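Structure, as structure tokens:
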Amino acid sequence: MNNKIKKILPQIITVLFVLGIFGFFTFNAQINMDNRGIDFGFGFLTQESSFDVQFSLIEYSGSHSYARAYLVGLLNTLLVSFISIIFCTILGVIFGVARLSSNYLIRNSAAWYVEFFRNIPLLLQIFFWYYAALRALPVPEKAGPWFGVTYMTIKGYYIPSFIWTNLDIFLYSILAVIVSIIIISTYAKKIQENEGKQIPVFFIALGLIFVIPALTFFIGGVSLDFGIPVLKQLSKTSYVFEGGIGLPPELIALVLALSLYTSTFVAECVRAGIQGIGKGQKEAAASVGLTPNQILKLVVMPQALRIIIPPTTNQYLNLTKNSSLAAAIAYPDLVLVFAGTALMQTGKAIEIVSITMLTYLSISLAIAAIMNWYNKKIEIKEK
Amino acid sequence: MNSLNFLKSNKQNFYYFLYLGLFLFSISIIDVAINAFLKINITSFLPGILSIFLPLILGFVGLNFIRTEYSGIKSLDIINKNINTNNFNAILTLLIIFAIIKATPPSLSWMIFDANISGDTKEACTGTGACWTYVKVWFRRFMYGMYPNDLHWRINLAFILVIALGFFGFFLKDNLKKYLALYYVIIYPIIAFLVIYYLISGGAFGLVWVETGAWGGLSLTFIVSFFCLIFCFPLGMVLALGRRSNLPMIRYISIGYIEFWRGVPLITVLFMSSVMFPMFLPEDFFMDKLVRVIIAITLFEGAYCAEVIRGGLQALPRGQYDAAKSLGMGYWKMHIFVILPQALKLVIPGICNTFLALVKDTPLIFVVGLAELAGMLALAKTNPKWLGFAMEGYIFAAIIFWIICYAMSKYSYNLEAKYKTER
Chain A
1 MNNKIKKILP QIITVLFVLG IFGFFTFNAQ INMDNRGIDF GFGFLTQESS FDVQFSLIEY
61 SGSHSYARAY LVGLLNTLLV SFISIIFCTI LGVIFGVARL SSNYLIRNSA AWYVEFFRNI
121 PLLLQIFFWY YAALRALPVP EKAGPWFGVT YMTIKGYYIP SFIWTNLDIF LYSILAVIVS
181 IIIISTYAKK IQENEGKQIP VFFIALGLIF VIPALTFFIG GVSLDFGIPV LKQLSKTSYV
241 FEGGIGLPPE LIALVLALSL YTSTFVAECV RAGIQGIGKG QKEAAASVGL TPNQILKLVV
301 MPQALRIIIP PTTNQYLNLT KNSSLAAAIA YPDLVLVFAG TALMQTGKAI EIVSITMLTY
361 LSISLAIAAI MNWYNKKIEI KEK
Chain B
1 MNSLNFLKSN KQNFYYFLYL GLFLFSISII DVAINAFLKI NITSFLPGIL SIFLPLILGF
61 VGLNFIRTEY SGIKSLDIIN KNINTNNFNA ILTLLIIFAI IKATPPSLSW MIFDANISGD
121 TKEACTGTGA CWTYVKVWFR RFMYGMYPND LHWRINLAFI LVIALGFFGF FLKDNLKKYL
181 ALYYVIIYPI IAFLVIYYLI SGGAFGLVWV ETGAWGGLSL TFIVSFFCLI FCFPLGMVLA
241 LGRRSNLPMI RYISIGYIEF WRGVPLITVL FMSSVMFPMF LPEDFFMDKL VRVIIAITLF
301 EGAYCAEVIR GGLQALPRGQ YDAAKSLGMG YWKMHIFVIL PQALKLVIPG ICNTFLALVK
361 DTPLIFVVGL AELAGMLALA KTNPKWLGFA MEGYIFAAII FWIICYAMSK YSYNLEAKYK
421 TER
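Structure representation (structure tokens):
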């Protein structure tokens with residue numbers, strides 16, 4: 001009996017404490033909102049937003065609703081995170097492998113790269129790129145082309161746009177390629193397990209990827225045009241580029257800072273993963289007669305990836321959360337559009353801040369859940 | 001295969017190859033260096049592309065000539081082993097050397113030779129290089145924010161006192177050592193708070209009151225991160241114990257708390273503290289902006305701290321728990337006297353990393369209108385008298401933050417290495 005009370009009493013006290021805090025906050029919030037004449041509710045989401053966003057992936061103007069503004073912000077957040085994740089992975093893998101190089105200079109340059117970029121606050125790096133480095137770029141009329149058709153100017157990076165006809169057929173063909181590659185690789189695995197024959201899956205897949213989408217250009221009536229950016233004079237002193245896609249400097253600064261900063265952490269994960277594979281594994285594989293490429297592909301990478309992927313996903317998650325710093329340089333991401341402008345206009349502090357936080361929280365929890373599932377799946381099953 | 005062998009040395013002509021290789025290698029480096037420092041292209045008589053790639057080709061051939069398995073010459077073997085193991089490495093080596101040589105003159109001249117530091121106004125900056133005058137004039141603002149100039153000694157004194165009190169524990173006598181944890185977890189934060197509150201804020205003992213809106217610069221970064229650290233540590237400890245508790249409700253609440261704060265970005269937490277938090281407080285209750293920010297960051301950082309401490313608790317072998325229980329210790333006795341002293345020692349490097357992340361995160365308080373170093377830079381940048389020096393300001397701030405963070409990360413790394421060997 002005594003033992004039971006000892007177990008239950010602290011729990012009841014804790015729950016009451018937590019409920020008390022929540023109750024206190026709700027009570028105060030109600031009084032405060034009454035006094036200011038605000039009522040709680042999410043009805044504002046369908047109202048007309050009447051503010052404009054500079055950069056948006058979907059069609060948006062002031063006449064759209066707040067819910068659509070939220071979507072614009074969320075898509076911009078996901079866009080900047082997605083681009084940065086790609087770049088930070090490439091850089092991270094390069095520098096992570098370089099840190100293990102036998103070459104003294106490469107090893108140390110990579111180490112200094114990592115030490116340099118991860119010990120400077122991210123916000124400072126974003127500011128540096130946006131206010132200092134990108135401001136030194138030429139104005140549109142003086143910008144020379146990069147790679148012939150793209151223009152890096154103070155107003156952003158202008159790249160050709162793609163103008164597709166019959167895009168859907170092209171996408172279907174890519175889908176077909178993916179499905180057929182999956183079928184072929186499972187079939188090849190079966191053949192290898194049963195008969196010991198190896199089918200060059202990689203080359204077949206490579207061929208399929210190039211041939212089938214290319215065929216749609218000749219047979220399926222797909223065609224691709226490029227809208228090349230062209231300099232246009234608006235008035236005596238102001239020039240703009242027209243045609244093509246303009247990536248705003250905010251996006252570029254953000255992608256640069258985020259991918260450089262996060263790549264240092266990814267590099268450390270990659271290094272730890274490769275170092276975590278014992279030398280004996282490689283020697284054993286070599287003594288069985290595998291070639292260096294096979295050792296990397298069949299022995300080292302499967303084991304190293306098991307160590308590398310969980311912390312790297314964590315870094316991707318951090319990157320996505322850090323992309324909220326966009327608000328500091330006015331890139332219209334979720335925080336700026338929704339928790340900034342929309343909040344300012346509606347005054348619905350509690351609703352908007354909770355929606356914003358819950359959005360990030362659900363992204364994090366979803367990725368964490370996927371990660372746990374993946375970890376369970378790749379766990380070494382000892383017998 | 002034989003046809004390629006004339007490029008490789010053998011025993012007879014080893015020295016010819018060595019000298020030829022070193023000669024070619026040094027020519028390639030001298031060529032690049034002359035090009036970079038004196039801006040003279042000594043190979044301009046060659047056609048365009050060849051003139052650019054000549055140093056690379058010469059260096060590559062030179063390195064190829066001097067590459068041997070083992071020569072017996074010590075310095076040559078060091079070179080071969082470290083930068084010249086195969087063709088690919090040789091090319092990368094050359095590219096890195098060339099990049100360093102090429103980058104040196106412009107950055108040196110921008111930062112030092114063409115830079116200005118004299119004078120007090122923008123007009124003093126006449127050179128093409130950096131304008132360190134800007135940093136010099138604004139230095140006090142970058143360090144102390146809008147704090148009145150003649151009162152800066154109060155901030156300095158407060159920091160010196162807080163640091164001195166921090167080291168106080170090292171000089172305690174052995175019989176007092178058992179109270180060390182008590183001192184650092186409870187007494188020290190209170191004393192530090194009082195020192196900073198009364199010295200920097202003033203308002204008592206004949207010191208003039210300075211409102212928190214005037215605090216700023218690097219000192220604010222330290223104040224915020226210091227307070228958040230000392231407050232988030234006890235919070236993290238409670239949460240970590242809660243997460244490992246046998247009582248389900250306590251465990252779920254701790255998990256919920258930790259996962260919630262770890263799942264949201266700090267910037268939304270700061271937004272919350274500035275726009276949502278005031279709604280939750282009683283009507284006539286006013287809370288200073290800085291205090292709200294410190295509370296918000298503490299709640300946020302507490303969750304990260306909890307995970308670090310949980311790592312330490314999990315690293316302890318089960319035997320420690322069993323031994324304590326077999327001595328008849330209860331939950332609190334076991335944790336206070338056996339588990340926590342060992343676990344906390346293990347997590348010092350982790351806490352150090354959390355603190356590092358905290359220092360790197362504090363510039364974010366800029367979004368709620370508190371001007372620490374990054375915020376002061378943004379202010380200085382838009383000052384009409386000092387337009388156009390963003391680069392100098394950010395480089396200055398980057399250097400300061402880099403030194404602080406690098407020192408801390410090295411310290412925590414060393415601690416980690418030390419504990420690894422001790423165990």
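So the protein lines, in turn, are chains A and B. So for the first sequence, the numbering used here puts the first residue at 1; every next one is plus one. So for the second sequence, the numbering used here puts the first residue at 1; every next one is plus one. From the three backbone atoms N, C-alpha and C, an ideal C-beta is built for every residue, glycine too. Fair warning: this is a prediction, and the values are worked out from it, not measured in the lab.
Residue environment for G37/A: exposed (fewer than 16 other C-beta atoms within 10 angstroms of its C-beta).
P121/A has a beta carbon lying within less than 8 Å of a beta carbon in chain B. Contact with chain B is absent for Y113/A, since none of that chain's Cβ atoms lies less than 8 Å from the residue's Cβ. E211/B carries a coil assignment under DSSP once its states are collapsed to helix, strand and coil. Under DSSP, C131/B forms a beta bridge with N116/B. Between the alpha carbons of P278/B and W332/B lies a gap of roughly 36 Å. The beta-carbon of I73/B is placed no less than 8 Å from the nearest beta-carbon of chain A. In the displayed model, S238/A falls within coil according to three-state DSSP, outside both helix and strand. Excluding sequence positions up to five before and after Y113/A, its CB lies within less than 6 Å of the CB of F95, all in the same chain and listed in chain order.
In the assembly as shown, T104/B is an exposed residue. Its beta-carbon has fewer than 16 other beta-carbons within 10 Å. With a threshold of 8 Å between beta carbons, R68/A makes no contact with chain B.
Residues of chain A whose Cβ lies closer than 9 Å to the Cβ of F366/B are, in chain order, L123, A328. Residue-level contact by beta carbon holds for T356/A and chain B, with a gap shorter than 8 Å. L165/B is the residue among L165/B, L194/B, N116/B whose C-alpha sits nearest the C-alpha of Y183/B.
Contact check for I101/B and V32/B: beta-carbon distance about 5 Å, within the 8 Å limit, so the pair qualifies. Legend: CB atoms of the segment 403-420 of chain B lying less than 7 Å from CB atoms of chain A belong to residues C405, Y406, S409. The beta carbon of F51/A sits closer than 7 Å to the beta carbons of G62, T341, Q345 from its chain, once the five residues preceding and following it are set aside; these are given in chain order.
By the criterion of at least three beta-carbon pairs nearer than 8 Å, the segment 80-88 of chain B is not in contact with the segment 13-20 of chain B.
Per DSSP, reduced to three states, the secondary structure at D225/A is strand.
Separation of the CB atoms of L373/B and F25/B is rounded to 45 Å, and the pair is thereby denied contact status at 8 Å.
When 9 Å is used as the limit between beta carbons, V32/B is near no residue of chain A, the shortest such separation being about 15 Å. Between the beta-carbon of L137/A and that of I154/A there is about 5 Å, and that keeps the pair under the 8 Å contact cut. In this model, A158/B and V135/B are separated by some 25 Å (Cα to Cα). Distance between I40/B and L108/B, taken at the CA atoms: about 18 Å.
Y158/A: not part of any alpha helix (DSSP H); member of the beta strand (DSSP E) spanning 156-159, first to last residue.
DSSP places V201/A outside any beta strand (DSSP E); the residue lies instead in the alpha helix (DSSP H), whose first and last residues are 201-218. When DSSP reads this structure, G340/A sits in no beta bridge, so it has no partner.
Taking all protein chains shown into account, E392/B has 16 or more neighbouring C-beta atoms within 10 Å of its C-beta and is therefore buried. With three or more CB-CB distances shorter than 8 Å, the segment 365-385 of chain B counts as touching the segment 394-414 of chain B.
Look at G37/A here: in three-state DSSP terms it is coil, with no helix or strand label. Of the other Cβ atoms in all chains shown, 16 or more fall within 10 Å of the Cβ of N89/B; this residue is therefore buried. Spatial neighbours of S173/A in its own chain (CB-CB distance under 6 Å, excluding positions within 5 residues in sequence) are listed in chain order as I212, P213, T216. Around the Cβ of F60/B, a 10 Å sphere holds 16 or more other Cβ atoms; the residue is buried. In chain order, Y144, Y147, I200, S219 place their CB closer than 7 Å to the CB of I155/B, counting only its own chain and leaving out the 5 sequence neighbours on each side. Contact between W402/B and N119/A holds: CB atoms are separated by about 5 Å, below the 8 Å threshold. Beta-carbon to beta-carbon, W110/B and A124/B are separated by about 17 Å, too far to satisfy the 8 Å threshold.
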